[in-house]
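Each protein sequence line maps, in turn, to chains H and X. Oh and the first sequence: position 189 is 189 in the working numbering, straight run, nothing missing. Oh and the second sequence: position 85 is 85 in the working numbering, straight run, nothing missing. Quick reminder that beta carbons are idealized off the backbone N, C-alpha and C, glycines included. Since we're looking at a predicted model, the values are computed, not measured.
Number of protein chains: 2
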Amino acid sequence: MTDLSNIRIVLVEPLYSGNVGSISRAMANMGVRELFLVAPQIVDGWEEGERLACHAYDLLKKRREVATLTEAIDDCVAVVGTTARLGLYRQHVRTPHESAPELICLAGQGKVALLFGREDKGLFNEEIGVCTHLMRVPTANDYVSLNLAQAVMVCCYELFLALGSYEPPQEKSDLAPAGHRNQMMKMWRQLLLEIGFMEQDKADHMMQGVQRIFARGALTVDDVHILMGMARQADWAAKQRKITS
Amino acid sequence: MTDLSNIRIVLVEPLYSGNVGSISRAMANMGVRELFLVAPQIVDGWEEGERLACHAYDLLKKRREVATLTEAIDDCVAVVGTTARLGLYRQHVRTPHESAPELICLAGQGKVALLFGREDKGLFNEEIGVCTHLMRVPTANDYVSLNLAQAVMVCCYELFLALGSYEPPQEKSDLAPAGHRNQMMKMWRQLLLEIGFMEQDKADHMMQGVQRIFARGALTVDDVHILMGMARQADWAAKQRKITS
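Written out as structure tokens, the structure reads:
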């Protein structure tokens, strides 16, 4: 990696155009070029956003607007959720400084999406659930909630700094894109229901725990094939029981 | 130094209250409390500033406004000028990351002022002239000029990191010791043989792939329990087939 062209900033349901404009400028300052908005809920028109984008007006204009999160991340080899909170399912949070070298490395193999949630509510648990990495900007204890544009700046800044320390990846197999990984998680969900590991009403909760384990490290295409094969075979074995009984 | 109470942010003739508000919030996020404005030239009233300060409204209200730069820095043991430009008088510029440890050290001995210039013109040469240190936020070449509030954020963020007060979130569940993990891998080996995912003579090879996936990240005790539970349940479901058939 010699640049950040594979880094994608994804804003989920942003409310204020001013933030989107400031983010465009921050991205341009740090050499990040791809901006996706998922179901934007802009309440104040685009005037403020265009003003604050300043000389990054082009980047702002070239933003992609999509209806669902899936469309924004399906081709990504890593999906990085940002959160101001700690707590359940958010234990594996690292700082941007800690995460940046690995993310630069991953960006050498494909698109890396950085997800930022709504100004008022952040990312929902099901959105956190599709993330392969979680990041939190460290703050003083008195006031932990960063302005959206400031959070994007800190993350882009750390990626920009980390560009220097890139080392080529060692995996032989390509990294699996989000769509492939999600397909795998669906197979596991079906299996775990089938074998009675979890009940339907606990499935969402339990799958977040499973997701957390499988998604902690980067999964290669080979990894995903192994995990799919295991799920398929166990599912088959469990179903034989019903057929033969 | 255990906090950033000796760090002072000094804005020289700022124009937009929105920036001052955003700066107040960024300062509060990073635990910096002292804000000085030198001869502020606010053109847009304070409404926007108060809105963007958000929960840092108190910090914004407690800002000191002074007529001259001298009043803002006279009691400081170090005066750090920030600049987007390189050039005459600006050769000794370092990045915030490089400067932060020394500035934290100096702040142990007295007030340290960080000077930020006008939104449109930055700091003048005579203002740069009174600085003991110079700092520049590294940027991509295409767009080197940061928004004022973003520049303050990056500098405060680096000071906060250098303070070392931040402690990364701890896993709530302890990391699983090797013995526990190995016990889990034995259960998976048995399961994968049982369900016919692999033959005995390929088991060693295949288990290395499985091991690689599960062992990539640190596994907590909770993770190991989940993975054991899955293996146990799938094994049970597969065995039912034999019993019932």
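Taking 7 Å as the line, does the beta carbon of residue i fall inside it for any heavy atom of the ligand PLP?
i	result
C156/H	In terms of ligand content, the structure shown is empty, and the ligand PLP therefore cannot be addressed.
Using a beta-carbon distance below 8 Å, is residue i in contact with chain X?
i	result
F160/H	yes
M135/H	no
V20/H	no
F36/H	no
P138/H	yes
Need the endpoints of the beta strand (DSSP E) that residue i sits in, please.
i	result
R64/H	64 to 66
Would you list the residues sitting across from residue i in a DSSP beta bridge?
i	result
L114/H	I9/H, V80/H
V93/X	L134/X
L161/H	None; L161/H has no bridge partner.
T220/X	L175/X
G254/X	In this structure chain X extends from 1 to 245, so residue 254/X is not present and cannot be described.
G122/H	R118/H
For the alpha helix (DSSP H) that residue i lies in, which residues bound it at each end?
i	result
V38/H	V38/H -> not in any alpha helix (DSSP H); beta strand (DSSP E) instead, spanning 34 to 38.
I30/X	Residue identity differs from the one stated: residue 30/X is Met in this sequence, not Ile. Its alpha helix (DSSP H) spans residues 17 to 30.
Y57/X	57 to 61
F197/H	Note, F197/H: premise wrong, no alpha helix (DSSP H); not H, not E.
I73/H	69 to 73
R85/X	That residue, R85/X, is in no alpha helix (DSSP H); it is neither H nor E in DSSP.
Q41/H	Careful: Q41/H lies outside any alpha helix (DSSP H) and carries neither H nor E.
Q208/H	203 to 214
Can you find a C-beta in chain H that's less than 8 Å from the C-beta of residue i?
i	result
P168/X	Interpretation of P168/X is limited by its pLDDT of 47, a score under 50 that renders its predicted location unreliable; the figure taken from the coordinates is listed afterwards. So yes, P168/X belongs to the interface.
R85/X	no
A248/X	Chain X is shown from 1 up to 245; residue 248/X falls before or after that span and cannot be answered.
G31/X	yes
G117/X	no
Of all the CB atoms in chain A, is at least one closer than 8 Å to the CB of residue i?
i	result
F160/H	Protein chains in the displayed structure are H and X, and chain A is not among them.
Tell me which residues of the region 45 to 68 of chain H have at least one Cβ-Cβ distance to chain X shorter than 8 Å, keeping chain order. L52, C54, H55, A56
Please list the residues of the region 208 to 242 of chain H that have a C-beta atom closer than 8 Å to any C-beta atom in chain X, keeping them in chain order. G209, V210, R212, I213, F214, R216, G217, A218, L219, D222, D223, I226, L227, G229, M230, Q233, A234, W236, A237, A238, Q240, R241
Listed from N- to C-terminal order along the chain, which residues in the region 140 to 156 of chain X have their beta-carbon within a distance smaller than 7 Å of any beta-carbon of chain H? A140, D142, Y143, L146, N147, Q150, M153, V154
Given 8 Å as the limit, is there contact between the region 110 to 120 of chain H and the region 55 to 68 of chain H, that is, 3 or more CB pairs closer than that? no
By the 7 Å beta-carbon criterion, what residues does the region 96 to 107 of chain H contribute toward chain X? H97
Contact list for the region 176 to 204 of chain H against chain X, Cβ threshold 7 Å: L192, I195, G196, F197
Hey, is the region 130 to 149 of chain X in contact with the region 106 to 116 of chain H, meaning 3+ C-beta pairs nearer than 8 Å? no
Under 8 Å: do the region 141 to 152 of chain X and the region 99 to 109 of chain X share three or more Cβ pairs, one atom per stretch? no
Taking 8 Å as the cut-off, does the region 66 to 77 of chain H touch the region 174 to 186 of chain H (at least 3 CB pairs, one atom from each stretch)? yes
Assess contact between the region 22 to 36 of chain X and the region 145 to 159 of chain X, defined as three or more Cβ pairs (one per stretch) separated by less than 8 Å. Is contact present? Touching, yes.
Does the region 186 to 198 of chain X come within contact of the region 225 to 237 of chain H, defined as at least 3 CB pairs closer than 8 Å? The region 186 to 198 of chain X makes contact with the region 225 to 237 of chain H: 3 or more CB pairs, one atom from each, lie closer than 8 Å.
Should the region 30 to 49 of chain X be regarded as contacting the region 4 to 17 of chain X, the criterion being three or more beta carbon pairs within less than 8 Å? Contact holds: three or more Cβ-Cβ distances are below 8 Å.
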